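S.K.: Numbering (the numbering used here), first residue to last: 3 to 236.
Pasting in a structure now, in structure tokens, and then I'll have a few things to ask.
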Amino acid sequence: MRHAKVNSRFLLPVLVISLTASMFSDRQTAAAQQATLDQLEAKLQQQYATIEDRFAHGPAKMVYPPDPRERIHRWQEDLAQSFAEAGKTIDEILKLNPPDAEKWRERSDTMWLYSQPSSPPSTRTVFGAGEVQKKARLLDPPAAVYPDAARLAKAKGEVRLRLVLASDGAVKYIFPMKPLKHGLTEAAIQAAQKIKFEPAIRDGKPASQFATLSYEFKNGKGLPPYFPQHEFYF
């Protein structure tokens, strides 16, 4: 009996110490994961900046290689590689089980799509505007809301989005080619997600089409989107 009493006397302190150590270890693990997540997000922002720079300096602004077709091919390869690198970083973030994992999975899918090398249309499920018999047609698309932060900053300019007008009528795989600060990029993305459109037609059936949309903000308001004359020149 004495031995049992001795055990019970020390049992509670041992449990408290064990629980405290476990909680401390959990906090350390969570802090380390958050630090890693912050580092990966900072790395991703740098990779996004590289992608945006490649869009801003498209083949029309390149002088080398001399052959225009080779310039386009080189630019496409570099752009696809930049998307692939960003996709790897997002996959590392997903391994940390972030709280908004669904958002990160959508971003991963977007990076994967745009990282695919140039290939014949017969091997793809998304097509360029010149690869369909009938282009997708926007149906009275809404203008982006001009956010209060932009109003305070008197911000203006153009947000340009690369996206897919999918065969099922949904707007997917949105990536800001040309972003702006003060909430303007987010406002453009939110407006794009609400677009109604008639899907493109290829081989007599609805098809998914790549598209570029411009959202302009000026005079304290957002304007309806439009297809720019040159997709990769701004």
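Don't be surprised by glycine CBs; every beta carbon is placed ideally from N, CA and C.
Since the structure is predicted, the reported quantities are computational estimates derived from the model, not experimental observations.
(1) Flag this pair as touching only if the segment 221-233 and the segment 202-209 have three or more C-beta atom pairs under 8 Å; answer yes or no.
(2) Locate the alpha helix (DSSP H) running through residue 234, then write down its first and last residues.
(3) Out of curiosity, what's the CA-to-CA distance linking residue 45 and residue 38?
(4) Along the chain, where does the beta strand (DSSP E) that runs through residue 175 open and close?
(5) Would the beta-carbon of residue 210 fall within 8 Å of that of residue 141?
(6) Does DSSP put residue 208 in a helix, in a strand, or in coil?
(7) For residue 91, does the count of other Cβ atoms within 10 angstroms reach 16, so buried, or fall short, so exposed?
(8) Measuring alpha carbon to alpha carbon, tell me which of 63, 162, 133, 66 ends up nearest residue 146.
(9) Roughly how many angstroms lie between the CA atoms of residue 67 and residue 219, to the nearest whole one?
(10) For residue 118, is the classification buried or exposed, using 16 other Cβ atoms within 10 angstroms of its Cβ as the cut-off for buried?
(11) Within 10 Å of its beta-carbon, does residue 49 have 16 or more other beta-carbons around it, so buried, or fewer, so exposed?
(12) Report the rounded CA-to-CA distance for residue 222 versus residue 60, giving the unit in angstroms.
(13) Just verifying my parser: in three-state terms, what is the DSSP assignment at residue 57?
(14) As an exercise, report each continuous alpha helix (DSSP H) stretch of at least 4 residues that is fully enclosed by the segment 99-140, in chain order.
(15) Distance check for residue 98 and residue 35, CA to CA, integer angstroms please.
(16) What are the boundary residues of the alpha helix (DSSP H) that includes residue 89?
(17) Looking at residue 199 and residue 138, is the spacing between their C-beta atoms short of 8 Å?
(18) Starting from residue 163, trace the beta strand (DSSP E) in both directions and tell me its first and last residue.
(19) Could you check whether residue 116 and residue 62 sit closer than 8 Å to each other, using their CB atoms as the reference points?
(20) Have a look at residue 87 and residue 105 and give me their C-alpha separation to the nearest angstrom.
(21) Using DSSP with H/G/I as helix, E/B as strand and the rest coil, what is residue 46?
M.R.: By the coordinates alone:
(1) The segment 221-233 makes no contact with the segment 202-209, as fewer than three CB pairs between them are under 8 Å.
(2) Boundaries cannot be given for residue 234, as no alpha helix (DSSP H) includes it and DSSP labels it neither H nor E.
(3) C-alpha separation (whole angstroms): 10 Å.
(4) Counting along the chain, the beta strand (DSSP E) containing residue 175 begins and ends at 173-180.
(5) For residue 210 and residue 141, no; Cβs fall outside 8 Å.
(6) The three-state secondary structure of residue 208, taken from DSSP, is strand.
(7) When all chains shown are included, residue 91 counts as buried.
(8) The closest CA to that of residue 146, considering only 63, 162, 133, 66, is found on 162.
(9) Rounded to the nearest angstrom, the gap between the Cα atoms of residue 67 and residue 219 is 36 Å.
(10) Exposed, because fewer than 16 other Cβ atoms sit within 10 Å of the Cβ of residue 118.
(11) With 16 or more other Cβ atoms within 10 Å, it is buried.
(12) Their Cα atoms are separated by approximately 30 Å.
(13) Residue 57: helix per DSSP, three-state reduction.
(14) List check, alpha helix (DSSP H) in window: 103-116.
(15) Here the C-alpha atom of residue 35 lies approximately 7 Å from the C-alpha atom of residue 98.
(16) For residue 89, the enclosing alpha helix (DSSP H) starts and ends at 70-97.
(17) The answer is yes: Cβ separation under 8 Å.
(18) Its beta strand (DSSP E) spans residues 159-167.
(19) For residue 62 and residue 116, no; Cβs fall outside 8 Å.
(20) For residue 87 and residue 105, the distance between alpha carbons rounds to 18 Å.
(21) Here residue 46 carries a helix assignment [DSSP, helix/strand/coil].
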